[in-house]
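Protein chains in written order, with the working numbering: chain A, 78 to 467; chain B, 3 to 384.
We put the beta carbon where it would ideally sit given N, CA and C, even for glycine.
The structure presented is a predicted model; accordingly, all values stated were derived computationally and were not measured.
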Amino acid sequence: MDLRFSDDDERFRAEVRAWLEARLDGDFRDLRGLGGPGREHEAIEPRMAWERELGAAGWIGLGWPAPSGRGASLWRQVIFHEEYAQARAPGRFGHIGEYLLGPTIAALGTPEQKGLFLPPIARGEQMWCQGYSEPGAGSDLAGVTTRADLASGAWEIHGQKIWTSHAHLADWCFVLARTDPTERRHAGLSYLLVPMRQRGVTARPIKNLTGTAEFCEVFFDGARTAAENIVGAPGEGWKVAMATLAFERGASTLGQQIGFAGELAAIIAAVRERSADRDPEICRRVADAWIGLRVMRSYALRVLAHGEQGELPLAGLGAKLYWSTWHRRLGELAMDVLGPEAEIIAGAPYGLTPLQETFLFSRADTIYAGSSEIQKNIIARRALGLPRSS
Amino acid sequence: MRFAFSEEQEEIRRQVRRAIADGGGVLAARRAMLEDAATDLELWRRLTRDLGLAGLAIPEAHGGAGLGWVEIVAVIEELGASLACVPFLSSACLATAAILEAGTPAQHDALLPPMARGEATATLAWLEAGGDASPAAIETAARVAQGDHVILSGTKRHVVDGHTADLLLVTARTPDGAVALYAVPAAAAGVERRRLPTMDATRAQAEIVLSDVHVPASSRLGGGGWPPIGRALAKARIALAAEQVGGAQACLDLGVGYAKVREQFGRPIGSFQAIQHTLADMFVLVETARSSAYHAAWDGEHEPDLEITAAATAAYCAAAFYRCAADTIQVHGGIGFTWEHDAHLYFKRARAGRTLLGSMTDHRDTVARSLGLGPLGTQESR
Chain A
78 MDLRFSDDDE RFRAEVRAWL EARLDGDFRD LRGLGGPGRE HEAIEPRMAW ERELGAAGWI
138 GLGWPAPSGR GASLWRQVIF HEEYAQARAP GRFGHIGEYL LGPTIAALGT PEQKGLFLPP
198 IARGEQMWCQ GYSEPGAGSD LAGVTTRADL ASGAWEIHGQ KIWTSHAHLA DWCFVLARTD
258 PTERRHAGLS YLLVPMRQRG VTARPIKNLT GTAEFCEVFF DGARTAAENI VGAPGEGWKV
318 AMATLAFERG ASTLGQQIGF AGELAAIIAA VRERSADRDP EICRRVADAW IGLRVMRSYA
378 LRVLAHGEQG ELPLAGLGAK LYWSTWHRRL GELAMDVLGP EAEIIAGAPY GLTPLQETFL
438 FSRADTIYAG SSEIQKNIIA RRALGLPRSS
Chain B
3 MRFAFSEEQE EIRRQVRRAI ADGGGVLAAR RAMLEDAATD LELWRRLTRD LGLAGLAIPE
63 AHGGAGLGWV EIVAVIEELG ASLACVPFLS SACLATAAIL EAGTPAQHDA LLPPMARGEA
123 TATLAWLEAG GDASPAAIET AARVAQGDHV ILSGTKRHVV DGHTADLLLV TARTPDGAVA
183 LYAVPAAAAG VERRRLPTMD ATRAQAEIVL SDVHVPASSR LGGGGWPPIG RALAKARIAL
243 AAEQVGGAQA CLDLGVGYAK VREQFGRPIG SFQAIQHTLA DMFVLVETAR SSAYHAAWDG
303 EHEPDLEITA AATAAYCAAA FYRCAADTIQ VHGGIGFTWE HDAHLYFKRA RAGRTLLGSM
363 TDHRDTVARS LGLGPLGTQE SR
């Protein structure tokens with residue numbers, strides 16, 4: 078056991094920190110703390126410029142293999158995310174391209190695709206969205222019905238996607254579509270790369286319960302993309318989509334936890350301000366939240382340390398279930414600390430305080446990216462080897 | 003950055019596992035808990051004489067292995083998985099840490115070698131009637147007597163393995179109101195001890211009555227008051243947390259194993275989502291608790307906030323074990339409610355652990371105080 082970063086990694090940390098501080102004290106000083114889950118509507122244009130700034134400095138694609146990326150170790154990626162969160166740098170628009178599509182193309186794409194897509198993503202100029210979920214295919218992703226047919230050198234796409242983050246801002250979408258209607262379920266699906274800015278694509282933001290809109294529904298009504306804009310062979314879409322998810326090795330989790338720690342600190346400040354610590358129950362719930370966050374960090378370090386050596390350990394399958402449940406409880410604690418003031422919003426028409434945003438947006442945490450129920454099914458099957466439920 | 007045990011540490015773990023398996027595992031614990039000593043003497047002999055584990059955390063200069071809490075955690079996790087009835091927590095963790103933290107070098111020389119050799123065991127007698135874990139609750143008195151002696155009188159309760167330990171480390175209050183720790187041979191005149199019958203029969207507790215026990219003034223360990231005792235308790239809490247991880251894993255294994263073979267409605271019950279989700283929740287508790295205990299073992303030796311680290315992992319692991327033990331009874335259904343099945347042994351061990359080295363409420367209050375919230379309870383500062 079040695080839970081310290083190496084001296085080299087600490088030097089890298091200093092480099093990241095210095096760069097972020099210089100930019101966020103300079104031209105981008107108004108962007109600190111903007112964007113992120115529940116606040117994606119904030120400062121869209123300046124944050125797009127920030128993406129290009131990150132790209133120009135070579136921070137995008139840090140973990141991609143060379144030559145497209147810098148081939149940084151998992152720990153260096155972790156450090157970048159930690160420093161990014163610590164500096165309260167703005168929420169990313171480019172993360173879907175960088176962390177989901179980029180590694181997929183780097184691993185499974187053709188040389189042409191690598192040349193075409195990786196450089197603009199790395200420059201922070203090309204934004205992506207993910208076309209997986211559909212109205213009839215949420216947890217049951219294999220139920221997608223969006224169709225794509227190859228006709229005169231292009232795929233023609235018909236169908237509807239939903240819960241697509243940033244679709245209204247994205248240049249491209251990776252779409253899971255059914256290309257062989259004679260096959261069922263996981264077979265007959267393909268992984269297509271589709272330009273968003275064309276007739277035949279309509280992205281419509283969905284106002285969610287926080288009153289803001291960061292997810293969209295996307296209608297493909299005869300949208301087209303070139304025949305070669307497919308990752309893997311036709312019919313291999315499920316395999317590619319699962320590979321995309323497997324590239325997620327949790328480099329961002331410690332950064333995410335720094336954000337959580339900021340929320341917890343705000344709650345503790347509210348406790349003091351309101352003298353809510355006269356109530357031992359509140360004190361103990363705050364203690365539980367603090368303990369839970371510390372446990373989250375221990376768990377993440379252990380999983381990352383194993384993941385660094387290759388395969389993601391089965392022990393890590395509970396990570397998403399754990400943090401999402403913890404975060405939801407944190408939001409509830411925040412409201413109970415505030416008492417009757419919890420009800421009073423920041424302003425009309427529906428401006429929420431940060432703690433209210435935490436409370437309301439955390440209801441999504443246990444639903445998106447695999448609901449808690451799906452997470453438990455996966456643990457039961459893969460980690461515990463329990464028989465499939467029919 | 004390395005969050006894993008070394009090959010040497012894994013080898014210690016394997017040796018412990020083998021020793022436990024050779025002795026019969028939980029069956030050996032069932033036999034031991036029926037005896038007066040409540041100790042699996044054969045396993046203790048192997049762990050101490052053959053493997054030298056009683057002195058795991060004792061420096062080499064005093065006959066120990068000179069290792070640390072990461073090794074302690076690896077060993078005790080295995081002991082917890084099989085409910086081993088040995089005085090490892092009380093003697094090799096709690097009392098060893100107390101002597102190391104509170105004692106002078108000369109006292110280390112005098113007290114630790116026989117413990118390292120497995121020839122003597124020790125335990126910490128700190129709680130009294132009412133079970134209040136704060137130092138303010140210590141009423142046992144240390145009076146000054148003639149001839150450079152001290153007279154101890156008072157009653158200690160909930161002394162882990164206190165009916166068998168050769169050496170009792172007794173907290174007492176001196177005439178000036180300070181807390182002091184005395185090394186008292188269990189055989190000293192005026193020491194009366196009896197085993198308290200416990201719901202968890204796998205770990206014995208004793209009541210120790212000290213009636214004007216004369217000990218030399220030099221048997222006071224150091225002069226540091228409560229802080230070294232607090233640190234020793236913190237280290238023992240980390241060990242207990244790791245023991246609870248072992249227990250929680252065993253409960254998960256029992257539940258998963260049973261769910262795969264027990265059939266109802268013509269299918270294994272493990273194919274039902276209600277059962278799967280219960281077991282998945284247990285899995286998350288086990289893995290998070292394990293991460294926390296391992297991290298605390300390392301932090302305990304490298305980070306300054308030992309007592310907060312210990313309180314946090316103690317509260318979390320105690321709750322995780324309890325929930326896993328309770329849920330494994332539920333998954334087992336009727337058979338899990340029988341005396342014959344092991345589930346209740348884990349459940350009772352888990353219950354006992356919630357209050358063994360301070361209560362879960364105490365631990366959460368310690369954390370809350372460290373966050374500047376309170377006032378809650380008494381400051382552990384003397």
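Checklist line | Status (buried if at least 16 other CB within 10 Å, exposed otherwise) for B:Ala219 | finding: For the purposes of this step, residue 219 of chain B is taken as the residue at position 217 of the second sequence. B:Ala219 is exposed by the Cβ-count criterion.
Checklist line | Runs of beta strand (DSSP E) wholly within the region 438-462 of chain A (minimum 3 residues, chain order) | finding: none
Check: For B:His334, which three-state DSSP category applies?
Finding: Here residue 334 of chain B corresponds to residue number 332 of the second sequence, with the count starting at 1. If DSSP states are grouped into helix, strand and coil, B:His334 belongs with the helices.
Notebook entry, point to check: Helix, strand or coil: which one does DSSP assign to B:Pro177?
Noted result: Walking along the second sequence from the start, residue 177 of chain B turns up at place 175. Residue state, collapsed to three classes: coil.
Next item on the list: Just the chain D side, please: which residues come within less than 9 Å of B:Gln275 by C-beta, in chain order?
Entry: Looking at the structure shown, chain D is missing, and the protein chains on hand are A and B.
Item checked: Where B:Lys262 meets chain A, residues with beta-carbon distance less than 8 Å -> Stepping through the second sequence from its first residue, residue 262 of chain B is reached at position 260. When 8 Å is used as the limit between beta carbons, B:Lys262 is near these residues of chain A: Gly462, Leu463, Pro464, in chain order.
Notebook entry, point to check: From A:Gly115 to A:Thr289, what distance separates their C-alpha atoms?
Noted result: If you number the first sequence from 1, residue 115 of chain A lands on position 38. If you number the first sequence from 1, residue 289 of chain A lands on position 212. Rounded to whole angstroms, A:Gly115 to A:Thr289 spans 7 Å at the Cα level.
Margin query: Please report the distance separating the alpha-carbon of A:Leu415 from that of A:Glu358.
Written below: Counting from 1 along the first sequence, the entry for residue 415 of chain A is found at position 338. Counting from 1 along the first sequence, the entry for residue 358 of chain A is found at position 281. If I take the Cα positions, the gap works out to 14 Å.
Margin query: Checking the sheet assignment: what are the DSSP bridge partners for A:Pro272?
Written below: Within the first sequence, numbered from 1, the residue matching residue 272 of chain A stands at position 195. A:Pro272 pairs with A:Trp249.
Check: Counting contacts by CB-CB distance shorter than 8 Å, is B:Phe323 in contact with chain A?
Finding: Sequence index remark: in the second sequence, residue 323 of chain B carries index 321 (1-based). Output row for B:Phe323: interface = no.
Next item on the list: Hey, could you find the ends of the beta strand (DSSP E) A:Pro282 is sitting in?
Entry: Here the question's residue 282 of chain A lines up with position 205 in the first sequence. First-last of the beta strand (DSSP E) with A:Pro282: 278-283.
Item checked: Burial state of A:Thr181, where buried means 16 or more other Cβ atoms lie within 10 Å -> Counting from 1 along the first sequence, the entry for residue 181 of chain A is found at position 104. Its Cβ being crowded by 16 or more others within 10 Å, A:Thr181 is buried.
Checklist line | Where the beta strand (DSSP E) containing B:His304 begins and where it ends | finding: The sequence position of residue 304 of chain B within the second sequence is 302, counting from 1. Element bounds for B:His304: not the beta strand (DSSP E) but the alpha helix (DSSP H), 275-304.
Item checked: A:Leu231 - partner residues in DSSP beta bridges -> Counted from its first residue, the first sequence places residue 231 of chain A at position 154. Looking at the sequence itself, residue 231 of chain A is Ala, so the reference to Leu does not match. The partner list for A:Ala231 (beta bridge, DSSP) reads A:Ala228, A:Ala303.
Item checked: Whole-number beta carbon distance between B:Gly65 and B:Leu58, since they are thought to touch under 8 Å -> Working through the second sequence from its first residue, we reach residue 58 of chain B at position 56. Working through the second sequence from its first residue, we reach residue 65 of chain B at position 63. The C-beta separation of B:Leu58 from B:Gly65 comes to about 12 Å, leaving the pair out of contact by the 8 Å criterion.
Margin query: Suppose contacts are defined by Cβ-Cβ distances below 8 Å. Is A:Gly236 in contact with A:Phe297 by that definition?
Written below: Mapped onto the first sequence, residue 236 of chain A falls at position 159. Mapped onto the first sequence, residue 297 of chain A falls at position 220. Yes, Cβ-Cβ distance for A:Gly236 and A:Phe297 is below 8 Å.
Check: Between A:Phe157 and chain B, is there a C-beta pair that is closer than 8 Å?
Finding: Residue 157 of chain A sits at position 80 when you count from the first residue of the first sequence. So, not an interface residue.
Notebook entry, point to check: How far does the beta strand (DSSP E) with B:Ile210 in it reach, from first residue to last?
Noted result: By 1-based counting over the second sequence, the position of residue 210 of chain B is 208. Per DSSP, B:Ile210 belongs to the beta strand (DSSP E) from 207-218.
Check: Sorted by chain position, which residues of the same chain lie with C-beta nearer than 7 Å to B:Gly355's C-beta, five sequence neighbours on each side aside?
Finding: Residue numbering aside, residue 355 of chain B sits at position 353 when the second sequence is read from its first letter. Contacts found: Leu242, Gln246, Ala320, Phe323.
Notebook entry, point to check: Whose CA, out of A:Gly138, A:Asp217, A:Gln207, lies closest to the CA of A:His245?
Noted result: Reading the first sequence from its first residue, position 168 is the one you call residue 245 of chain A. The candidate whose alpha carbon is nearest that of A:His245 is A:Gln207.
Next item on the list: Under the assumption that B:Cys326 contacts B:Leu254 (Cβ atoms under 8 Å), give the Cβ distance between them as a whole number of angstroms.
Entry: Counting from 1 along the second sequence, the entry for residue 326 of chain B is found at position 324. Counting from 1 along the second sequence, the entry for residue 254 of chain B is found at position 252. Right, their Cβ atoms sit about 6 Å apart.
Notebook entry, point to check: Using 8 Å as the threshold, is the region 156-174 of chain A in touch with the region 328-340 of chain A, meaning 3 or more CB pairs across them?
Noted result: yes
Check: Using DSSP with H/G/I as helix, E/B as strand and the rest coil, what is A:Gln237?
Finding: Within the first sequence, the letter at position 160 stands for residue 237 of chain A. Strand.
Notebook entry, point to check: At which residues does the beta strand (DSSP E) containing B:Arg196 begin and terminate?
Noted result: For the purposes of this step, residue 196 of chain B is taken as residue 194 along the second sequence, with counting starting at 1. It spans 193-198 - the beta strand (DSSP E) in which B:Arg196 sits, taken as one unbroken run.
Checklist line | Chain-ordered residues of the region 382-411 of chain A with a beta carbon less than 7 Å from chain B | finding: Within the region 382-411 of chain A, the residues whose Cβ lies closer than 7 Å to any Cβ of chain B are, in chain order, Ala382, Ala392, Gly395, Leu398, Tyr399.
Next item on the list: Pull up the distance between the alpha-carbon of A:Gln203 and that of B:Ala328, whole angstroms please.
Entry: Numbered from 1 along the first sequence, position 126 holds the residue referred to as residue 203 of chain A. Numbered from 1 along the second sequence, position 326 holds the residue referred to as residue 328 of chain B. The straight-line gap from Cα to Cα measures roughly 52 Å.
Next item on the list: Could you check which residue in A:Leu218, A:Arg351, A:Leu381, A:Gly447 has the C-alpha nearest to that of A:Pro417?
Entry: Locating residue 417 of chain A in the first sequence gives position 340, counting from the first residue. A:Pro417 has its Cα closest to that of A:Arg351, out of A:Leu218, A:Arg351, A:Leu381, A:Gly447.
Check: Based on Cα-Cα distance, which residue from A:Phe82, A:Ala95, A:Gly171 lies nearest to A:Val155?
Finding: Within the first sequence, residue 155 of chain A is the residue found at index 78, counting from 1. A:Val155 has its Cα closest to that of A:Phe82, out of A:Phe82, A:Ala95, A:Gly171.
Item checked: Selected residue, minimal CA-CA separation from B:Ala139, among B:Met201, B:Gly179, B:Leu53 -> Taking the second sequence and counting its residues from 1, the one referred to as residue 139 of chain B is at position 137. Comparing Cα-Cα distances from B:Ala139 to each of B:Met201, B:Gly179, B:Leu53, the minimum goes to B:Gly179.
Next item on the list: Would you check if there are 3 or more beta carbon pairs closer than 8 Å linking the region 34-50 of chain B to the region 101-112 of chain B?
Entry: no
Next item on the list: Determine which residues share a DSSP beta bridge with B:Glu10 and list them.
Entry: Along the second sequence, one-based indexing puts residue 10 of chain B at 8. In DSSP, B:Glu10 forms no bridge with anything.
Item checked: Exposed unless 16 or more other CB atoms sit within 10 angstroms - verdict on B:Thr340 -> Translated into the one-based positions of the second sequence, residue 340 of chain B becomes position 338. So B:Thr340 counts as exposed.
Next item on the list: Measure the CB-CB distance between B:Ser93 and B:Thr125 and report whether it falls below 8 Å.
Entry: The residue labelled residue 93 of chain B in the question sits at position 91 within the second sequence. The residue labelled residue 125 of chain B in the question sits at position 123 within the second sequence. The criterion of a C-beta distance shorter than 8 Å is satisfied by B:Ser93 and B:Thr125.
Check: To the nearest whole angstrom, what separates the beta carbons of B:His279 and A:Leu80, a pair I think is in contact under 8 Å?
Finding: Against the second sequence, residue 279 of chain B aligns to sequence position 277. Against the first sequence, residue 80 of chain A aligns to sequence position 3. About 32 Å; that fails the 8 Å criterion.
Notebook entry, point to check: When the Cα atoms are used, what is the spatial distance from B:Ser383 to B:Asp134?
Noted result: Translated into the one-based positions of the second sequence, residue 383 of chain B becomes position 381. Translated into the one-based positions of the second sequence, residue 134 of chain B becomes position 132. With a pLDDT of only 41 at B:Ser383, under the threshold of 50, the placement of this residue in the model should not be trusted; the figure read from the coordinates follows. Cα-Cα distance, rounded: 15 Å.
Margin query: On the DSSP letters alone, give me the boundaries of the beta strand (DSSP E) that B:Ile385 sits inside.
Written below: Residue numbering for chain B in the displayed model covers 3 to 384; residue 385 of chain B lies beyond these limits and cannot be assessed.
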